[in-house]
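The structure appears right after this line, and notes come after that.
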Ligand SMILES: Cc1ncc(COP(=O)(O)O)c(C=O)c1O
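Residue numbers (the numbering used here): 2 to 393.
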């Protein structure tokens, strides 16, 4: 089928919930190709999904192998890979038990249900979330998302969520009351503009949750799986949560989401309280296990930190040289350049020069290259960003 035929089907049959205009057909490592065989350096990684780059051989091999062995069995049965993957998530985080779903929103829904179930047993139900956060597009995760624009038109909003400013410990302290069950935080806000939590805020939130004996929950859907130079962003802060969601890069593009709770909370969700037909299939878990093997086997956390420093240094230089840029923020290879005005024209110019980058809100350029990106690829991308800044 040619490009025009494909786009004609798209325009007739696919609901237009996304603004998009580019047909990508192939990917390898840090690069993708469009239907006209034009090559692009992909510094979006599917919005922090393909953290190993496109079509990583470990993941491709695992999917191919498992697709011929066993794709799906219901969760009424054990499968070989679910416990192995749960162990990998547990060993790479704070230790505990895992539930598997299929997306970031589903992972957060599970985490919210965990908090409600725990809270109900303690006479509490409210979850305090952060302004400018993003937790997904299902009704409960929308209600937890601190950006009212996403909720407009979908009222009534699911009750039980309140908001405070991110990184405002005093506001959090004031907001916690006898009905509060949990505090939900992205250690690095992604969609909200690539904003890391301050150390004071994250450790202060832990202290407040301990003091009030409530749960601290981290959404690591975007910041997890090595993106910030640690397997999970919160590990850089030395603060441990009572539950964490992950998805996106867990399968490097094969859909899988999960949440983990420490062993001390293993009896909150018991048989019959939560389920998902496609959660933790042998195929999804085999793909995700290959992701852990690749990150560990290829020392990708180290490469992420090293390349992150290199990229940050180059972006800081661009920022110093450009009047309309005022900050570079983020961690590892999750970086944002903050501008004084809308960055959409810069993204369009970069794309025309062969580089894909993202916004994070109207004024922030977000760069999310794969963790195995090379210095040459970073230099090439930074040169294109530099040229594209003329659009500001
Ligand atoms: C921090 C965070 N949480 C949750 C989600 C929702 O994930 P999904 O689109 O897989 O439902 C996203 C997606 O961007 C995210 O960045």
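Ideal placement from N, C-alpha and C gives every residue a C-beta, glycine not left out.
Evaluate residue i with the Cβ neighbour count: other Cβ atoms within 10 Å of its Cβ, from every protein chain shown; 16 or more gives buried, anything less gives exposed.
i: residue 75; result: exposed
i: residue 128; result: buried
i: residue 332; result: buried
i: residue 14; result: exposed
i: residue 9; result: exposed
i: residue 7; result: exposed
i: residue 16; result: exposed
i: residue 27; result: exposed
i: residue 233; result: buried
i: residue 123; result: exposed
i: residue 29; result: exposed
i: residue 154; result: exposed
i: residue 371; result: buried
i: residue 105; result: buried
i: residue 269; result: buried
i: residue 419; result: Past the boundaries of the shown model lies residue 419; the chain is included only from 2 to 393, so the question cannot be answered.
Roughly how many whole angstroms lie between the Cα atoms of residue i and residue j?
i: residue 263; j: residue 115; result: 12 Å
i: residue 381; j: residue 338; result: 17 Å
i: residue 277; j: residue 78; result: 13 Å
i: residue 325; j: residue 365; result: 12 Å
i: residue 199; j: residue 330; result: 12 Å
i: residue 210; j: residue 230; result: 26 Å
i: residue 300; j: residue 54; result: 15 Å
i: residue 297; j: residue 49; result: 18 Å
i: residue 92; j: residue 177; result: 32 Å
i: residue 137; j: residue 3; result: 34 Å
i: residue 190; j: residue 285; result: 26 Å
i: residue 294; j: residue 340; result: 38 Å
i: residue 328; j: residue 236; result: 24 Å
i: residue 20; j: residue 82; result: 37 Å
i: residue 59; j: residue 38; result: 25 Å
i: residue 275; j: residue 69; result: 29 Å
i: residue 305; j: residue 315; result: 15 Å
i: residue 213; j: residue 175; result: 12 Å
i: residue 252; j: residue 51; result: 8 Å
i: residue 363; j: residue 342; result: 8 Å
i: residue 57; j: residue 113; result: 33 Å
i: residue 250; j: residue 188; result: 16 Å
i: residue 169; j: residue 61; result: 43 Å
i: residue 367; j: residue 383; result: 12 Å
i: residue 195; j: residue 317; result: 15 Å
i: residue 89; j: residue 302; result: 16 Å
If you drop the 5 nearest sequence neighbours on each side, which residues of the same chain put their C-beta closer than 6 Å to that of residue i?
i: residue 1; result: Outside the displayed range of the chain (2 to 393) lies residue 1, so it cannot be described from this structure.
i: residue 240; result: 203, 204 and 207
i: residue 87; result: 99
i: residue 63; result: 287, 288 and 291
i: residue 280; result: 101 and 102
i: residue 140; result: 159
i: residue 130; result: 145, 147, 162, 164 and 185
i: residue 320; result: 326 and 329
i: residue 282; result: 73
i: residue 374; result: 31 and 308
i: residue 197; result: 189 and 332
i: residue 385; result: 351, 354 and 356
For residue i, I'd like the list of residues in its chain whose CB is within less than 8 Å of its CB, leaving aside the five on either flank, ordered along the chain.
i: residue 23; result: 35 and 352
i: residue 397; result: Since the first residue of the chain shown is 2 and the last is 393, residue 397 is not available in this structure.
i: residue 152; result: 143, 144, 146 and 158
i: residue 95; result: 241, 242, 245, 261 and 263
i: residue 85; result: 286 and 290
Below 7 Å CB to CB, which residues in the same chain sit around residue i once its five sequence neighbours on both sides are set aside?
i: residue 192; result: 135 and 361
i: residue 107; result: 258 and 277
i: residue 311; result: 376 and 379
i: residue 161; result: 126, 127 and 128
i: residue 11; result: none
i: residue 110; result: 139, 141 and 142
i: residue 387; result: 319
i: residue 254; result: 47, 50 and 51
i: residue 313; result: 329 and 336
i: residue 392; result: 346, 347 and 350
With 8 Å as the threshold, decide whether the Cβ of residue i is near any Cβ in chain B.
i: residue 161; result: The structure shown has no chain B; it contains just one protein chain.
> Considering only residues of the stretch 306-366, which uninterrupted beta strand (DSSP E) runs meet the minimum length of 3 residues and lie entirely inside it, listed in chain order?
Replying inline: 326-332 and 335-340
> Is the stretch 96-105 touching the stretch 255-262, taking contact as three or more C-beta pairs under 8 Å?
Replying inline: yes
>> With a threshold of 8 Å, are at least 3 pairs of Cβ atoms found where one atom belongs to the stretch 167-187 and the other to the stretch 105-123?
In response: yes
> Are the stretch 340-351 and the stretch 214-233 touching by the rule of at least three beta carbon pairs closer than 8 Å?
Replying inline: no
> Using 8 Å as the Cβ pair cut-off and three pairs as the minimum, do the stretch 236-255 and the stretch 210-219 touch?
Replying inline: yes
>> If we require 3 or more residues per run, which beta strand (DSSP E) segments fall completely within the stretch 109-172?
In response: 127-131 and 162-165
>> If we require 3 or more residues per run, which beta strand (DSSP E) segments fall completely within the stretch 237-299?
In response: 244-247 and 258-263
>> List, from N- to C-terminal side, the alpha helix (DSSP H) runs of 4 residues or more that fit wholly inside the stretch 13-64.
In response: 46-49
> Which ranges would you report for the beta strand (DSSP E) in the stretch 166-225 if only whole runs of at least 3 residues count?
Replying inline: 181-186 and 216-220
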